[in-house]
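Colleague: Got a structure for you, written out below as structure tokens; questions coming shortly.
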Amino acid sequence: MSGATLLARRWGWRYAGRRAWAVGNLDLTVPAGQRVLLLGASGSGKSTLLVGLGGLLHGQESGQAAGELLVDGVPAYEARHRTGFLLQDPDSQLVMSRSGDDVAFGPECHGVPPDQIWPRVDEAMDAVGFGYGRDRPTAALSGGEKQRLALAGQLANRPGLLLLDEPTANLDPEGAALVREAVAAAVAATASTLVVVEHRVEEWLPIIDRVVVLGDGELVADGPPDEVFGRHRDALERMGVWVPGTVVRAAAPRTVATTPVLRADAVSYRHRGALFDAVRATTLSLRAGEALAVVGPNGSGKTTLAMMLAGLARPRTGSVLAPDANRPLHRRRPASLVRAVGTVFQQPEHQFVRSTVRDELVQAPKRLGWSAERSAARADDLLDRLGLTVLAEANPFTLSGGQQRRLSVATALSGAPPALVLDEPTFGQDARTWRELLRLLEEVRDAGTALVTVSHDRAFVTALADRVLPMADGMVAA
Amino acid sequence: MTLVLGAPVVRRRGGTLNPTSKVLAMAVVAVPLFLSTDAVTSGIMVAVELVALPLLGVGPRMLGRAGAPILFGLAGIWLANWIVSGNLSGLVAVSLRLVALGLPGLLLVVTTDPVDLADALVQRWHVSPRFAYGALAALRLIPLLIDEVQTMRRARRARGIGAGWTPVSWARLTGGLLFGMLVQAIRRGVRLAAAMDSRGFDSAAERTFARQSTVTWRDHLFVLATAIVVAVAVAVSMATGHWHLLFS
């Protein structure tokens, strides 16, 4: 098994119905076995190049091609059996309920003789350091383990070219490390060519030996990592790339008012059918203008605690109270809940309920019975502060990832609640959106809104929080 | 939910039969039940099924737990009949037919791994792999969708949108949730399809099988025994004059 060579000769692609070329006139040669990190802002054409190499851009309906894009000397579409493609979402890639069966799926599709399938499966599972047997249920795996298994599923086809599309964007730091280790072991074992798209560059440096940067569909920079990051640092940061060596400054100590805005009194929570509490009796209070961060590994109960603080999950024992009413948050009517607390969810698309950006922002004020003028003024103010004014009439689902994130924070702020609960707000965001989000939340905090942020993102917590609440096994760790 | 999504509850006995044999047995049982409305045919079948299920590994406790939906269905039919006609005569035959049909289905659900079912359908009955394994992969998305609906419901509450007290507002909320679920299902489906094709699901190569789906003498015996029981039940019913064709 050997690595594939890649060759783009004046290659370009224009999606059907678009005027501009997503990639135009690209010349690129990648020798067999090279490990390439592909960078660029969203809309730079890097994803187009990646799916093009995967042979997924094919046919008149989907768009128009120019020049040539060759894998091992043949058009990428015809070389698809030589290509393995690992995607972002760990949950949408597994087919079977048992791990071994899942890895065997690819070889079965390619007609590998049955007696050779299981040796290949074992080899691929070893190569990624899977750590469990073939019978391990895929439903019992963590996100990082699922990605490892999905990578094994690609390796079982013995690809000469591995394409990775932000494979760690949806994972916590531990899961992301698992995947990087697996990729490093896999390319070392198979000598296959690697092309990876990732925002978080630093952790990938030990694995890659070349960086290619695209901008507006053209080659902007190309070379060894040290050289590219040395010469193009500013341009890369503007693109939203996490350039290695960027320092995040810690939040300055501040004095916080003593006005309480939320109080949780011995709240606990148990999932349906579970034997143990996901959150054990937890008491805490949150004051106006205070930024609290809840951290801890997956399954520690931090999101569940946040949902109770937001009045969205009913505690098994205890209650969460806001000072404006005697009724516990989980029993308040929705229209009354928005008066006390706003919530920002991990996936922005889950929380959009209207068909234009402006309607999203007047939704909560209307519920609160504000006048039309006051609602409109509030919406205009938020649109302006978040740089979304030109998109006021756009459908929320058509926005970019960063715009959706900003809008989701704005919708939670629209009713001017005294407290805001945020679940992994920086998940999968590039460095530019990350900085914008930090600046926005600092403003909100300094204006007196209390923040509860559940996050794996240590840099974000360091930069924003006054107080950090570490959780483990459903309890606040001392 | 484990019944729909994961490994079978029972792996021994009935679990070792080929899934196609269990589907075949269901079909054999269904034929006379669709033809005749009498209580004797279905009564004999229910009696035999209740004896056979524990032998196939489905014990009384499992039967009670997994069979609850059938009982709910029965209660619904009784209630509806009582409201409409005010009497419960004639319901015995209807109930027996429903139970006689339901119990073999229960055997299939409780003792069959969905992966084995897909393997068997493709290898024994030459069902299209695109359909069988596609459906199998879609099955895996159900718990994800359930989680997503919960998140969307919470998100609506967080935005000040509640069910309210009127049927209209309730219908609007539910409609919105269903639409959101549909959107998420399509998006996930598209991603899953792309991931499957990237592993060769769209390959023109002839598919091979890592797991062999085999049929043994025990499968033949099982289907034969089912056919004999059905034949005996029909014969007794005819001999005692209870047999009554539905459309005659």
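The listed protein sequences derive, respectively, from chains A and B.
FYI, in this note's numbering the residues of the first sequence are 13 to 490.
FYI, in this note's numbering the residues of the second sequence are 1440 to 1687.
From the three backbone atoms N, C-alpha and C, an ideal C-beta is built for every residue, glycine too.
Can you find a CB in chain A that lies within less than 9 Å of the CB of G1614(B)?
Modeller: no
Colleague: Just mark D113(A) as buried or exposed, buried being the case when its beta carbon has 16 or more other beta carbons within 10 Å.
Modeller: buried
Colleague: DSSP state of T410(A), grouped into three classes?
Modeller: helix
Colleague: Does any residue of chain A have a CB that is nearer than 9 Å to the CB of E1488(B)?
Modeller: no
Colleague: For chain A, find out if any of its Cβ atoms is closer than 9 Å to the Cβ of L1444(B); answer yes or no.
Modeller: Note on L1444(B): pLDDT 44, under 50, position unreliable in the model; no value is reported.
Colleague: For R243(A), which of helix, strand or coil comes out of DSSP?
Modeller: In the structure shown, R243(A) falls within a helical segment according to DSSP collapsed to helix, strand and coil.
Colleague: When you compare the CB of E436(A) with every CB in chain B, is at least one pair closer than 9 Å?
Modeller: no
Colleague: Does any CB atom of chain A fall closer than 9 Å to the CB of F1570(B)?
Modeller: no
Colleague: Name the residues in the stretch 419-448 of chain A whose C-beta lies less than 8 Å from a C-beta of chain B; which are they?
Modeller: T423, A424, G427
Colleague: Alpha carbon to alpha carbon, what distance is there between E157(A) and D1558(B)?
Modeller: 26 Å
Colleague: How about M251(A) and V291(A): do their beta carbons lie closer than 9 Å?
Modeller: No, the Cβ-Cβ distance between M251(A) and V291(A) is not below 9 Å.
Colleague: In whole angstroms, what is the alpha-carbon distance linking V268(A) and L373(A)?
Modeller: 29 Å
Colleague: With 9 Å set as the bound, which would you pick, yes or no: does the beta-carbon of A1597(B) sit closer than that to a beta-carbon of chain A?
Modeller: yes
Colleague: Given a threshold of 16 other Cβ atoms within 10 Å of its Cβ, counted over all protein chains shown, does L1621(B) qualify as buried or as exposed?
Modeller: exposed
Colleague: Just mark W1656(B) as buried or exposed, buried being the case when its beta carbon has 16 or more other beta carbons within 10 Å.
Modeller: exposed
Colleague: Taking the CB atoms as reference points, tell me whether T368(A) and G330(A) lie closer together than 9 Å.
Modeller: no
Colleague: Pick helix, strand or coil for Q1589(B), following the three-state DSSP scheme.
Modeller: helix
Colleague: Can you grab the Cα-Cα spacing for the pair L1545(B) / V1566(B), in whole Å?
Modeller: 23 Å
Colleague: Quick check: is the beta carbon of V107(A) nearer than 9 Å to any beta carbon in chain B?
Modeller: Yes, contact with chain B.
Colleague: Which whole-angstrom value describes the C-beta separation of A136(A) and A164(A), a residue pair presumed to lie in contact below a C-beta threshold of 8 Å?
Modeller: 4 Å
Colleague: Would you say V1690(B) reaches chain A, if we count a Cβ-Cβ gap shorter than 9 Å as a contact?
Modeller: Limits of chain B in this structure are 1440 at one end and 1687 at the other, which puts residue 1690(B) out of reach.
Colleague: Which runs of the beta strand (DSSP E) fall wholly inside the stretch 129-188 of chain A and span at least 3 residues, in chain order?
Modeller: 173-177
Colleague: In chain B, which residues lie less than 7 Å from E120(A) when you measure between Cβ atoms?
Modeller: R1646, T1647, F1648, A1649
Colleague: For a test of the three-state rule: what should DSSP assign to D1636(B), helix, strand or coil?
Modeller: Looking at D1636(B) - three-state DSSP - the assignment turns out to be helix.
Colleague: Would you mind sorting H1659(B) into buried or exposed? The rule is 16 or more other CB atoms within 10 Å of its CB.
Modeller: exposed
Colleague: Please report the residue range of the alpha helix (DSSP H) in which L1535(B) lies.
Modeller: 1530-1550
Colleague: Could you round the C-beta distance between L40(A) and G24(A) to whole angstroms and report it? I think they count as a contact, below 8 Å.
Modeller: About 12 Å; that fails the 8 Å criterion.
Colleague: Taking the Cβ atom as the reference point for each residue, do A1553(B) and L1535(B) lie within a distance shorter than 9 Å?
Modeller: It is Pro, not Ala, that sits at residue 1553(B) in the sequence shown. No, Cβ-Cβ distance for P1553(B) and L1535(B) is not below 9 Å.
Colleague: Could you tell me if I220(A) is buried or exposed, where buried requires 16 or more neighbouring beta carbons within 10 angstroms of its beta carbon?
Modeller: buried
Colleague: Determine the DSSP secondary structure at L1660(B), reduced to helix, strand or coil.
Modeller: DSSP places L1660(B) within a helical segment (H, G or I) once states are collapsed to three.
Colleague: So who's on the other strand from L298(A), going by DSSP bridges?
Modeller: L274(A)
Colleague: Can the beta-carbon of G413(A) be found less than 9 Å from the beta-carbon of S54(A)?
Modeller: Yes. Within cutoff.
Colleague: Counting only Cβ pairs nearer than 9 Å, list the residues of chain B close to L99(A).
Modeller: R1630, A1633, A1634, S1637
Colleague: Kindly say whether I1600(B), judged by its beta-carbon, lies nearer than 9 Å to any beta-carbon of chain A.
Modeller: yes
Colleague: Using a Cβ-Cβ cutoff of 8 Å, what residues of the stretch 158-179 of chain A are near chain B? List them in chain order.
Modeller: A162, G165, Q166, N169
Colleague: With DSSP collapsed to three states, give me the class of P346(A).
Modeller: helix
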